[in-house]
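Asks: Numbering follows the working numbering, in which position 197 of the sequence shown is assigned residue number 198; successive positions increment by one, without gaps. All C-beta atoms, glycine included, are put in the ideal place defined by N, C-alpha and C.
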Amino acid sequence: MIRHPDAGPQRRAVLASIAAGAVAAVLPARGADQPTRVAAAGLGASLPRADGPLKVSGRAPYAVEHRIEGLVHAVVAQSTVPAGRIATVDLEAARAVPGVVAAYAHGSGLRIAPAEVFSKGGAATENFLPLQDDRVRWNGQHVALVVAEIFEQATEAAALVRIEYEESPAVIDPEATGAGRTPLDQLSVAWGDAQAALDAAPVRVEGAYTTPREYNLPIEPHACIAAWEGDSLTVWEPSQWVAGARSIIADWMGIGVDKVRVVSPFVGGAFGCKVSPHPHVALACAAAREIGRPVKLALTRPQTFTGYGGRPRTHQRLSLGADGDGRLVSIVHEGWNETAIDDVHVEPCNAVTPIMYAVPNLASRHSLAPVNTVNPGWFRAPGENPSAFAIETAMDELAHALGMDPLELRLRNYAEFDQQAKLPWTTRRLREAYAAGAEAFGWSQRSHEPRSMREGRELIGWGMASGTYPVRRSAGDAEVVVKDDGSVEVRSAGIDMGTGTYTILAQAAAEVLTIPVDRIGVLLGDTDLPLAPLAGGSQLANLLVGAVVKAARAARERLLDLAANHPRSPLSGARANDLLLSEGHVRPARNASKGIHVGDLVRALGEGPLVARADTFKPGATEDDRRMTNQTFQRMIAPTDGGVSAHAWSAQFVEVRVDEDFGTVRVRRMVGAFDSGRVYNPRLARSQWMGGMVMGLGQALLEEGQVDPRTGRVMNANLADYLVAVNADVPKITTLSVGVPDFAATALGGKAVGELGIVGVAAAIGNAVFHATGRRVRDLPITLDKLIS
Ligand code: MCN
Ligand code: MOS
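See the structure below:
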């Protein structure tokens with residue numbers, strides 16, 4: 002259990018329950034129905050998800066499932082116009098509902114101070130502060146909050162809030178005349194003379210590639226509990242980064258970070274939307290302070306569509322020029338993404354364009370298009386995803402124009418180094434990915450011509466695309482505790498949103514300490530634990546495994562040292578250098594049968610559990626470096642840091658069947674080959690890659706946020722009308738790992754996994770649809786109307 006000297010009784014109880022829950026995740030209480038011991042399974046073992054049984058049986062406590070005495074329920078009301086100001090608010094009817102404790106609108110005195118946004122060096126994803134002024138910036142903006150004894154009362158009362166608006170003209174469609182564009186010079190990339198080379202190129206393709214608004218839609222919606230105890234605040238909030246959440250919440254409430262605790266042991270999916278707490282969390286914290294009782298606030302599913310971002314609409318115009326042999330001579334690229342009127346969200350659509358292929362001339366620019374919308378946000382592979390959709394579709398178009406096999410075209414333009422950064426790759430096993438994927442798929446059997454493969458009424462199409470995701474790095478801490486019963490506890494504030502953090506950290510400690518994983522408990526997701534950076538940018542696995550291995554090695558050194566030198570050690574008098582650790586025992590190297598189990602050793606020493614802590618900061622890191630890491634992304638190290646360019650790579654192959662009469666597209670099989678370097682847990686990495694591929698399938702064929710061009714209202718703000726891929730849509734998926742340990746990329750040789758799987762999938766499907774039908778769809782999703790019209 003965690004010891005927390007100054008915790009009040011309530012906080013202590015919660016800590017204990019979380020500790021028990023999280024430990025149970027990898028350390029099941031041994032009952033008759035429990036599996037027998039799992040062998041010490043180190044990195045590389047295909048263990049199942051340690052938290053899986055807890056999640057599927059409802060025993061993993063999510064943020065709003067904590068039971069707290071005296072809790073009240075808050076429900077937000079959202080604006081019904083896209084722009085203007087609130088002329089009058091009438092809260093009387095809401096206040097008259099039985100059980101209502103409080104009702105707030107702007108001017109009701111709920112105080113929320115600004116938090117620094119990430120673009121200015123903070124962690125917040127938006128500047129917007131709810132209920133602090135009378136302006137309406139988008140349809141669906143939080144404009145009132147009602148708090149009641151029970152949820153149903155708050156819901157009814159929120160519906161009775163009466164607001165009159167003074168509307169002003171809104172910009173809703175970023176393509177409409179009058180919509181502005183702000184170029185982002187820092188994202189401009191150029192070398193050679195791209196336009197002249199394009200004009201002179203013997204073969205040219207050109208197109209406009211668009212993706213609609215897409216929503217993250219994790220199964221656990223955004224829902225939190227805020228509880229004050231004196232001037233200290235605890236927030237149960239599903240989070241990808243509790244340290245960042247703590248810093249934002251402290252800013253909002255105008256208190257020090259030491260007064261805030263954020264708890265997030267289990268997260269029911271996020272895909273980018275839980276990187277930072279969104280404005281409703283500020284409302285919960287502020288209301289709890291005003292009322293003096295803990296407040297629970299859950300956005301309804303429809304409210305999540307306008308309560309925070311989603312991937313913005315993107316638009317890219319892309320031209321490729323090649324010589325007659327298919328060698329690229331020029332790429333000209335111009336893109337934009339929509340963003341909020343008062344806020345900035347960048348979806349860098351040229352993340353992949355300059356690095357995927359060798360090209361002597363390139364010009365690429367990106368702009369922002371502000372509209373009256375909630376600020377968009379991060380969504381699995383922000384930037385890389387739409388960027389790969391455009392370039393990988395355009396490459397297919399070029400292959401067709403040249404009469405060349407699309408895979409052959411890619412090999413002909415293989416980038417042997419990072420042209421943008423002018424640096425060598427750490428590793429780039431993309432050729433191997435192409436080869437393995439093509440072999441598994443049977444690509445050599447493909448007939449070149451569109452509409453040349455069919456079975457009955459079904460046109461068959463085979464398509465492929467490449468993908469990539471950078472290796473980002475930031476530093477973190479971890480603690481490894483060896484207890485006197487021989488069990489081990491790994492402690493980190495890092496989180497597991499379904500990715501496998503619990504499992505791989507137990508594997509990391511098991512490997513070093515030679516103790517079975519079922520004797521290793523892992524505690525995650527709490528700012529009281531050693532702080533860790535964001536589970537975003539697909540960086541957490543590599544850096545936390547690195548920190549835990551380092552801490553476990555420190556624990557091992559300490560154990561050997563104590564065994565040799567501590568007067569109460571049964572091995573006292575040996576030389577530490579002559580001792581080794583195997584099967585959980587400290588043993589004299591020359592007399593291995595005389596070993597003592599580490600639990601017995603720790604007990605014999607009589608000094609309590611052995612605690613080893615390690616971090617992955619550079620030597621000489623200051624307190625300020627640490628502080629900054631816990632409140633900004635800006636300490637994240639770029640993939641090109643250190644004189645090498647580190648990226649993960651992939652090749653996607655798909656088969657589609659298209660009904661010739663109805664235009665319905667079914668994906669029949671998918672093969673993804675991945676270079677993620679060293680894989681810590683093949684089963685979980687496959688699950689990640691596969692999850693990305695399923696999401697890519699949904700993006701290609703189904704997902705589309707539909708915004709009413711007159712009112713700015715999201716018309717399909719629910720899971721019945723906003724379609725995502727479900728089991729019936731998903732075919733057989735083959736995943737292949739072609740990576741090798743890449744120690745220039747990360748300390749233990751792994752590269753990015755979590756977001757890689759989605760990149761390139763929509764292009765591969767679109768390319769397959771072209772091969773089946775001869776119809777090129779450049780605007781996602783590829784719905785049947787676009788194929789039969
Ligand atoms: N892994 C591995 N070997 C490696 C690297 C990773 O076996 N060399 C496996 C591990 O099981 C690890 C997982 O892959 O837990 C993801 O590792 P990593 O690529 O480091 O990604 P993060 O842990 O930083 O997770 C974030 C990433 C992002 S940014 C999004 S978005 C996303 C994703 O993970 N959101 C997810 N995958 C998700 N999966 C689920 N179920 N839910 C989400 O919300
Ligand atoms: Mo992932 S979109 O970087 O959280």
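Have a look at Val90, Val102, Asn128 and flag the residue whose alpha-carbon is nearest the alpha-carbon of Asp135.
Replies: Of Val90, Val102, Asn128, the residue nearest in Cα terms is Val90.
Asks: Hey, how far is the Cα of Asp730 from the Cα of Glu661?
Replies: Those two C-alpha atoms are separated by around 19 Å.
Asks: Going along the chain, which residues of its own chain have a beta-carbon closer than 7 Å to the beta-carbon of Ser248, five neighbours each way excluded?
Replies: Only Ala124, Val258, Asn631, Gln632 meet the Cβ criterion.
Asks: Within the same chain, show all residues whose beta-carbon is closer than 7 Å to that of Val513, passing over the 5 residues directly before and after it, in chain order.
Replies: Excluding residues within five positions, the ones whose Cβ falls inside 7 Å are Val550, Ala553, Arg554, Arg557.
Asks: For Pro371, which of helix, strand or coil comes out of DSSP?
Replies: Three-state result, Pro371: strand.
Asks: Does the distance from the CB of Ala145 to the CB of His74 come in under 7 Å?
Replies: Their beta carbons are not under 7 Å apart, which means Ala145 does not touch His74 by this criterion.
Asks: Any chance the CB of Gly379 is under 6 Å from a heavy atom of ligand 2?
Replies: A small correction: the amino acid at residue 379 is Trp; Gly does not occupy that position in the sequence shown. At least one heavy atom of ligand 2 is nearer than 6 Å to the Cβ of Trp379, so yes.
Asks: What does the alpha-carbon distance come out to for the pair Thr500 and Val770?
Replies: Going by the C-alpha atoms only, they are around 31 Å apart.
Asks: Is Val727 near ligand 1, judged by its Cβ being under 6 Å from some heavy atom?
Replies: Val727 Cβ: outside cutoff for every heavy atom of ligand 1.
Asks: Can you give me the Cβ contacts of Arg559 inside the same chain, cut-off strictly under 7 Å, excluding the 5 residues immediately before and after it?
Replies: Leu611, Ala613.
Asks: Suppose contacts are defined by Cβ-Cβ distances below 7 Å. Is Pro407 in contact with Glu480 by that definition?
Replies: For Pro407 and Glu480, no; Cβs fall outside 7 Å.
Asks: Alpha carbon to alpha carbon, how far is Ala721 from Ala158?
Replies: Going from the Cα of Ala721 to the Cα of Ala158 covers about 26 Å.
Asks: For Lys297 and Val263, what's the separation of their Cα atoms in angstroms?
Replies: The alpha-carbon atoms of Lys297 and Val263 are separated by roughly 14 Å.
Asks: Quick check on the DSSP output: the beta strand (DSSP E) that includes His143 runs from which residue to which?
Replies: Where His143 is concerned, the enclosing beta strand (DSSP E) stretches over 143 to 149.
Asks: If I follow the unbroken beta strand (DSSP E) through Ala88, where does it start and stop?
Replies: Unbroken beta strand (DSSP E) run through Ala88: 85 to 91.
Asks: With H, G and I counted as helix, E and B as strand and the rest as coil, what does DSSP make of Arg684?
Replies: Helix.
Asks: Quick one: using the 10 Å Cβ neighbour count with 16 as the cut-off for buried, is Val268 buried or exposed?
Replies: Answer is buried; the Cβ neighbour count reaches 16.
Asks: Are three or more beta carbon pairs between the segment 458 to 465 and the segment 635 to 655 nearer than 8 Å?
Replies: Yes, since at least three Cβ pairs between the segment 458 to 465 and the segment 635 to 655 fall closer than 8 Å, the two stretches touch.
Asks: If you reduce the DSSP assignment to three classes, tell me which class Ala33 lands in.
Replies: Note that Ala33 scores a pLDDT of 33, beneath 50, so its modelled location is shaky; the value from the coordinates is reported in the next line. Ala33 falls in the coil class under three-state DSSP.
Asks: Output yes or no for whether 7 Å exceeds the beta carbon distance between Arg492 and Leu544.
Replies: Going by C-beta atoms, Arg492 is not nearer than 7 Å to Leu544.
Asks: Taking all protein chains shown into account, decide if Ile151 is buried (16 or more other Cβ within 10 angstroms of its Cβ) or exposed.
Replies: When all chains shown are included, Ile151 counts as exposed.
Asks: Could you pull the start and end residues of the alpha helix (DSSP H) that Leu130 belongs to?
Replies: First-last for Leu130: undefined, no H or E at that position.
Asks: Does the pairing of the segment 186 to 193 with the segment 350 to 364 give three or more beta-carbon distances under 8 Å?
Replies: Contact holds: three or more Cβ-Cβ distances are below 8 Å.
Asks: In angstroms with no decimal places, state the Cα-to-Cα distance between Glu279 and Gly308.
Replies: The sequence shown places His at residue 279, rather than the Glu named in the question. Using only the alpha carbons, I get a separation of about 7 Å.
Asks: Using the rule of at least 16 other Cβ atoms within 10 Å of the residue's Cβ for burial, across every protein chain shown, is Leu412 buried or exposed?
Replies: The residue is exposed, with fewer than 16 neighbouring Cβ atoms inside 10 Å.
Asks: Assuming the contact rule is C-beta atoms closer than 8 Å, Gly740 and Arg430 should be a hit. Round their C-beta distance to whole Å, please.
Replies: That pair is a contact at about 6 Å.
Asks: Could you check the C-alpha separation between His449 and Gly767 for me, to the nearest Å?
Replies: Each residue's alpha carbon lies about 16 Å from the other.
Asks: Roughly how many whole angstroms lie between the Cα atoms of Leu788 and Thr211?
Replies: The alpha-carbon atoms of Leu788 and Thr211 are separated by roughly 16 Å.
Asks: Do you know whose CA, among Thr301, Gly273, Ser365, lies nearest Arg318's CA?
Replies: The residue with the shortest Cα to Cα distance from Arg318 is Ser365.
Asks: How would you call Ala106, buried or exposed, if buried means at least 16 neighbouring beta carbons within 10 angstroms?
Replies: With 16 or more other Cβ atoms within 10 Å, it is buried.
Asks: Hey, how far is the Cα of Pro115 from the Cα of Val243?
Replies: Their backbone Cα atoms lie some 18 Å apart in a straight line.
Asks: Let's see if you can read the secondary structure: which residues bound the alpha helix (DSSP H) around Thr211?
Replies: First-last for Thr211: 204 to 212, but that is the beta strand (DSSP E), not the alpha helix (DSSP H).
Asks: Tell me which residues share the same chain as Asn566 and place their Cβ nearer than 8 Å to its Cβ, disregarding the 5 neighbours each side in the sequence.
Replies: Hits under 8 Å: Ser573, Ala577.
Asks: Which residues bound the alpha helix (DSSP H) around Glu153?
Replies: Residues 152 to 160.
Asks: Per DSSP, Asn338 forms a beta bridge with which residues?
Replies: In the DSSP output, where bridge partners are listed per residue, Asn338 has Thr315, Leu369.
Asks: On the CB-based measure, 16 or more other CB atoms within 10 Å of its CB, does Glu398 come out buried or exposed?
Replies: It counts as buried.
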